[in-house]
Amino acid sequence: MSKGVRINTVVTLLLGLLALGAIVWIIVSSRQGDTQQEKARLAIGEMAPDFEVTNTHGDKVVLSDYKGKVVVLNFWASWCEPCVKEMPLINEVYQSNRSDVATLFVNAGESKGTVNEFLTENHFDFPVIIDVTGKVSQLYGIVGLPVTYIIDKDGKLHQSAVGEITSGEQLQTYVQAAAGD
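According to our numbering, numbering within the sequence shown proceeds without interruption in unit steps and concludes at 383.
This is the structure:
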């Protein structure tokens, strides 16, 4: 066997091993990603992940401070059409001023300026948690918008609504069930 043939054989063998290693790495990495995504999924009945952030009004918001109240936790963005369509329904809950219900709006990934402009244009005055880094969204396993979690008075996840909430009655039913009414 000539020296050139041996070099070609070794190079081909090394490239084959490299390709095999890359395939194994991709498979292992994708399985780890699935495991992390499964960990991010929340189960109804488990404690809602706690967080501490500041809202657009400058107030510190700590989820665990709302224990004893039902919490409507809504994840949204101004570019998300279903989010914008459901916003008036969720705003009604916020405006109802029920002492046993808190409504927290979490904007996923937009700047404070964009959020404030959206609120002004749509005549909303509720405070919004700006989640530019995705910290809160990641805690709740948010991969699409809108998502609304209803948290009961004990701080446990009572209901999740993935996608647009289309009726005030639907939302009120979720809130009443979490309140034990």
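Every residue, glycine too, gets a C-beta built ideally from N, C-alpha and C.
Just so it is clear, the structure is predicted and the values come from calculations on it, not from any experiment.
- Contact annotation, T375 with L275: C-beta distance approximately 17 Å; criterion of less than 8 Å not satisfied.
- In the three-state reduction of the DSSP assignment, T214 falls in the helix class, which pools H, G and I.
- Per DSSP, the continuous beta strand (DSSP E) segment holding K262 begins and ends at K262 to V264.
- For K262 and F307, the gap between their C-alpha atoms comes out near 14 Å.
- Annotation for A381: no beta strand (DSSP E) segment contains it, though the alpha helix (DSSP H) segment containing it runs G370 to A381.
- In terms of CA proximity to F253, K269 leads the group K269, Q297, V286 and A245.
- When rounded, the separation of the alpha-carbon atoms in V272 and N299 is 12 Å.
- Within the same chain, and ignoring the five residues on either side of D302 in sequence, the residues whose Cβ sits closer than 7 Å to its Cβ are K271, V272 and A381.
- Residue pairing from DSSP leaves E283 without any beta-bridge partner.
- Between I246 and T214, the alpha-carbon positions lie close to 53 Å from each other.
- If the five residues before and after S362 are omitted, its C-beta is found closer than 6 Å to the C-beta atoms of Y351, all from its own chain and listed in chain order.
- For E366, the closest of I209, T211 and P284 by C-alpha to C-alpha distance is P284.
- For L321, the uninterrupted alpha helix (DSSP H) run begins and ends at K314 to E323, by DSSP.
- A distance below 7 Å between beta-carbons, with the five flanking residues on each side excluded, links A279 to the following residues of its chain, in chain order: C285, N309, A310, G311, E312 and L347.
- In the three-state reduction of the DSSP assignment, E248 falls in the coil class.
- A direct Cα-Cα distance of roughly 4 Å separates N257 from I331.
- Contact between F320 and N293 fails: their C-beta atoms lie close to 13 Å from each other, not under 8 Å.
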